[in-house]
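This report concerns only the one structure given below.
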Amino acid sequence: MNAVVTPIGNRPLTLPKGLGFLFGAVAAFTLAYTFTPLSFLTVVYLWCLLALARLGSGRRAFYFGLAVGLLCYSFQLSCFYTIFGWAAVALWFVLAFWIGLFVALARLCWLNLKPIWAALLIPFLWTGLEYFRSELYYLRFSWLNVGYAFSHSPLLPAFPWLGMYGVGFLAMGAAVLASQPFLRPRSQNGKPRESGWAAKNTEDREPLVAETRWKQAAILGLILAPAATMVLAFRSSEADQKPGTVSAKSVRVAGVQLEFPTDAQVIAALDELLTAEPEAELLVLSEYTFDGPVPERVQAWCREHRRYLIVGGKDPAPKANFYDTAFVIGPSGEIAFRQVKSVPIQFFADGLPAPDQKLWDSPWGKIGLCICYDLSYTRVTDRLIRLGAQALIVPTMDVVDWGRREHELHACVAPIRAAEYGIPIFRLASSGVSQCVDRSGRVRAWAKFPGQEEMIGARLALAGPGTLPLDRWLAPFATGVTVLFIVWRLARHRFWSAPSV
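Note that the sequence shown covers residues 82 to 582 in the working numbering.
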């Protein structure tokens, strides 16, 4: 009986080697997210996932991918245990499920498609799954995506073009190229040519057949497209690298980190902030600074000092509920604008979702307000950009008890959003990490964790409205492709019973 030969290897990946790739994936992911200079290791992480697709069965591939996800996410998101206790295990499993599903789908690609088509499809599957788990269902959670690993890296100039999901797409494309299963030489009988000792026991000693031109063109395109995109992105960002004069439309913004303060503490902190930042025209406090509407004495303070204040509180809602709201208090002491949180955090008493999103037409330009977790969802922030936002201000509640790592991961979001849209972001967190990020994604000022009563001040330059990167159409398209592929496989009743590698 002739042995089954597939494009993904001479034989199934053995369990010891599978364990090696499993721990290699975990190590690469952890290093990439821990040390900024090592963010490129995300490609190694993806390459290890592709290697696990060579395991001998779909179930085994899924479970190994699931194990990778569990080890990666439980370490990085230990704050889940602090918040939810043992229920955190279920949440880690939910996140890890998508990694296991990807490895199983990648295996099916190599087994059922021509190598070149599998190589082209796999980046779409990765992006489709990443977008779905980040944006499209109840437990959506975008942290620890591939793109966020580059939040403080030299790759930021590529984000206005590629976006977060586009970077993940290209990273997976690079991993596919590195695995090179579709570049293996082929013999005249059309089968992949064996190498090493296996070649001595097969008929694969025939002369090689040259790759067809269309395959060569496709492979060349896979290699050159990322390079060309990077060159264009870096050239377009040259102006951002050079120091320039302060924009005519700019505002001095300042904030102070306070966690569950009393009204008297808020007034005292605002007095100290104004002393430290006398030129500040717009002051910012965190989400949930008040456990209700803005107190009258705080409105009176704004009226007395002729300052704008953005502060988090609660607006009453029907049936004894509430809206998590960012209020804008004007120099007259009146509420000039308010925006409700669009995506309340799951499993928290976080109020009702916003009925709509609008921009604050401030004296300096159009400013979008998104509250805390909202910044993590492109489908929320994209709406503000489509409305013409020139800057984003983000009051945030990150409790000290959630730990340093949670604060560090949350701080990865603002630089990516600023770079994607080309607009500045001022993010004020209750206990850090507060940030002022310029339009190129570079953090110009910050206040550290836990940093109670620590202040941050910077000038926010409002230029033109933001723009959306290309991945805003790529990611939904990739999700559609992924759904179609899964439906096709299920229709053939071979999802778990594919032939052994």
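Glycine included, every Cβ here is placed at the ideal spot set by N, Cα and C.
- For Q427, the CB contacts under 8 Å within the same chain, skipping 5 residues up- and downstream, are Y219, L220 in chain order.
- Cβ atoms of A381 and G414 come within 8 Å of each other, at about 6 Å.
- If you draw a straight line from the Cα of A417 to the Cα of I448, it is about 13 Å long.
- Sequence-distant partners of L152 (beyond 5 residues in either direction) whose C-beta falls short of 7 Å from its own C-beta, in its chain, are V107.
- Collapsing the DSSP output to three states places F213 in a helix.
- For the options G146, L96, L217, L201, the alpha carbon positioned closest to that of A252 is the one of L201.
- In the structure shown, the three-state DSSP call for Q516 is strand.
- Comparing alpha-carbon positions, the option among C129, F145, A335, Y126 lying closest to F507 turns out to be A335.
- In the structure shown, R388 falls within a coil segment according to DSSP collapsed to helix, strand and coil.
- For the options R553, R523, P376, the alpha carbon positioned closest to that of G394 is the one of P376.
- Pairwise C-beta distances place the segment 171–178 out of contact with the segment 511–528, as fewer than three of them are shorter than 8 Å.
- By the neighbour-count criterion, in which 16 or more other beta carbons inside 10 Å mark a residue as buried, P235 falls on the exposed side.
- Per the Cβ contact rule, the segment 179–190 is not in contact with the segment 508–517 (fewer than 3 Cβ pairs under 8 Å).
- When DSSP reads this structure, L136 sits in a beta bridge with L94.
- Between the alpha carbons of T95 and G139 lies a distance of about 14 Å.
- A straight-line Cα-Cα distance of about 20 Å links W483 and D405.
- G209 is not a Cβ neighbour of T459, given a cutoff of 8 Å.
- Boundaries of the alpha helix (DSSP H) harbouring T356: 344–357, taken from the DSSP string.
- Boundaries of the alpha helix (DSSP H) harbouring I567: 552–572, taken from the DSSP string.
- P204 is not a Cβ neighbour of F240, given a cutoff of 8 Å.
- Ranked by Cα distance from I537, the first of L551, S515, P531, F558 is S515.
- Counting other Cβ atoms within 10 Å of its Cβ, W569 stays below 16 and is therefore classed as exposed.
- As computed with DSSP, P397 is found in a beta bridge with F403.
- Beyond the five residues adjoining it in sequence on each side, G373 comes within less than 8 Å, by CB distance, of G394, K395 in the same chain, given in chain order.
- Nearest in C-alpha terms to V424, of all of N402, G532, V461, is V461.
- Taking a cut-off of 8 Å on C-beta distances, the segment 467–486 touches the segment 156–168, as three or more cross pairs fall below it.
- DSSP places M478 outside both helix and strand once states are collapsed to three, so it counts as coil.
- Membership of S260 in the alpha helix (DSSP H) is indicated by the continuous run 240–260.
- Residue environment for V337: buried (at least 16 other C-beta atoms within 10 angstroms of its C-beta).
- As the crow flies, the alpha-carbon of D455 is around 37 Å from that of W198.
- With a threshold of 16 other beta carbon atoms within 10 Å, F429 falls short and is exposed.
- In the DSSP assignment, W441 falls outside any alpha helix (DSSP H) and lies within the beta strand (DSSP E) extending over 440–443.
- Look at S120 here: in three-state DSSP terms it is coil, with no helix or strand label.
- By the Cβ neighbour-count rule, L565 is exposed, with fewer than 16 other Cβ atoms within 10 Å of its own.
- For V332, the CB contacts under 6 Å within the same chain, skipping 5 residues up- and downstream, are E362, L363, W445, L541 in chain order.
- One Cα belongs to Y369, the other to C451, and the distance between them is close to 13 Å.
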